[in-house]
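K.L.:
Numbering (UniProt numbering), first residue to last: 1 to 162.
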């Protein structure tokens with residue numbers, strides 16, 4: 001059954017057309033004006049059939065994407081990946097080691113639940129924007145931008161469709 005879902009997964013481009021990706025990009029850029037963290041959003045329609053047959057799960061793939069997209073490659077180790085795997089209806093957040101001991105699993109789950117609610121209502125873009133907003137609050141709390149400081153944007157704000 002899972003293989004079938006991955007073979008006939010919904011289109012990421014249909015759920016997130018170009019204008020939607022632009023609004024998500026803008027939301028990430030605006031978010032990063034208020035903290036020194038880096039937010040990366042990636043959406044993947046499905047896993048390769050071999051990965052599904054091997055039992056790869058969304059969390060495993062999110063960790064792979066975290067590495068492939070170099071979300072870990074920030075000076076303060078404060079990058080965070082928001083990952084959606086459409087075929088499995090899974091949302092994963094992978095945060096760099098700078099968050100260790102600062103943010104609880106319950107807080108990350110709360111962000112995922114916000115997104116899930118909007119996705120169930122058929123509002124994919126609104127779900128991601130709600131997630132970016134919730135991540136912003138967490139990042140502002142733990143990695144606030146000092147008044148008058150300028151920070152280099154270490155990761156692209158543009159969402160990835162994998």
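For glycine and all other residues, C-beta sits at the position ideal for the given N, C-alpha and C.
Residues in its own chain within less than 8 angstroms of residue 110 by CB, not counting five upstream and five downstream?
P.N.:
As a working mapping, residue 110 is identified with position 110 in the chain shown. 134.
K.L.:
Among residues of its own chain, excluding the 5 on either side of residue 98, which ones have a beta-carbon nearer than 7 angstroms to its beta-carbon?
P.N.:
The residue given as residue 98 occupies position 98 in the chain shown. Around residue 98: 76, 77, 78.
K.L.:
I think residue 65 touches residue 86, with their Cβ atoms under 8 angstroms apart; what is that distance to the nearest whole Å?
P.N.:
Counting from 1 along the chain shown, the entry for residue 65 is found at position 65. Counting from 1 along the chain shown, the entry for residue 86 is found at position 86. In fact, because the Cβ distance is near 14 angstroms, the residues do not count as touching under 8 angstroms.
K.L.:
Determine contact between the region 26–38 and the region 120–127, defined as no fewer than three beta-carbon pairs at a distance below 8 angstroms.
P.N.:
Not touching, per the Cβ criterion.
K.L.:
In the structure shown, what three-state DSSP assignment does residue 92 receive?
P.N.:
Residue numbering aside, residue 92 sits at position 92 when the chain shown is read from its first letter. Note: residue 92 maps to strand in three-state DSSP.
K.L.:
By Cβ distance below 6 angstroms, which residues in the same chain neighbour residue 74 in space, the five residues on each side in sequence not counted?
P.N.:
Here residue 74 is taken as the residue at index 74 of the chain shown, counted from 1. So the qualifying residues of the chain are 38, 154.
K.L.:
Please report the distance separating the alpha-carbon of residue 138 from that of residue 150.
P.N.:
The residue given as residue 138 occupies position 138 in the chain shown. The residue given as residue 150 occupies position 150 in the chain shown. Taking the straight line joining both Cα atoms gives about 20 angstroms.
K.L.:
According to DSSP, which residues form a beta bridge with residue 204?
P.N.:
The structure shown does not extend to residue 204, since the chain is modelled only from 1 to 162, so the question has no answer here.
K.L.:
Using CA coordinates, which residue listed in 9, 34, 157 is at the minimum distance from residue 49?
P.N.:
Translated into the one-based positions of the chain shown, residue 49 becomes position 49. Of 9, 34, 157, the residue nearest in Cα terms is 9.
K.L.:
Considering only C-alpha positions, which residue in the set 22, 61, 145 is nearest to residue 91?
P.N.:
Walking along the chain shown from the start, residue 91 turns up at place 91. Measuring from the Cα of residue 91, the nearest candidate turns out to be 61.
K.L.:
Just how far apart, CA to CA, sit residue 129 and residue 104?
P.N.:
In the chain shown, residue 129 corresponds to position 129, counting from 1. In the chain shown, residue 104 corresponds to position 104, counting from 1. Their Cα atoms are separated by approximately 21 angstroms.
K.L.:
Return the chain-ordered list of same chain residues with a C-beta closer than 8 angstroms to the C-beta of residue 53, the five sequence neighbours on each side being excluded.
P.N.:
Position 53 of the chain shown holds residue 53. For residue 53, where only same-chain residues beyond five positions count, the Cβ hits under 8 angstroms are 3.
K.L.:
Which whole-angstrom value is the C-beta distance of residue 43 and residue 84, which I expect to be below 8 angstroms?
P.N.:
Along the chain shown, read from residue 1 onward, the residue named residue 43 stands at position 43. Along the chain shown, read from residue 1 onward, the residue named residue 84 stands at position 84. Indeed, because the Cβ distance is near 4 angstroms, the residues count as touching under 8 angstroms.
K.L.:
Within its chain, find whatever has a CB closer than 7 angstroms to the CB of residue 115; leave out the 5 residues flanking it on each side and keep chain order.
P.N.:
Here residue 115 is taken as the residue at index 115 of the chain shown, counted from 1. Contacts found: 91, 127, 128, 130, 131.
K.L.:
Going straight from the alpha carbon of residue 63 to that of residue 29, what length do you get?
P.N.:
For the purposes of this step, residue 63 is identified with residue 63 of the chain shown, where counting begins at 1. For the purposes of this step, residue 29 is identified with residue 29 of the chain shown, where counting begins at 1. One C-alpha to the other measures close to 23 angstroms.
K.L.:
For the alpha helix (DSSP H) containing residue 151, name the first residue and the last one.
P.N.:
Here the question's residue 151 lines up with position 151 in the chain shown. From DSSP, residue 151 is part of no alpha helix (DSSP H); its letter is neither H nor E.
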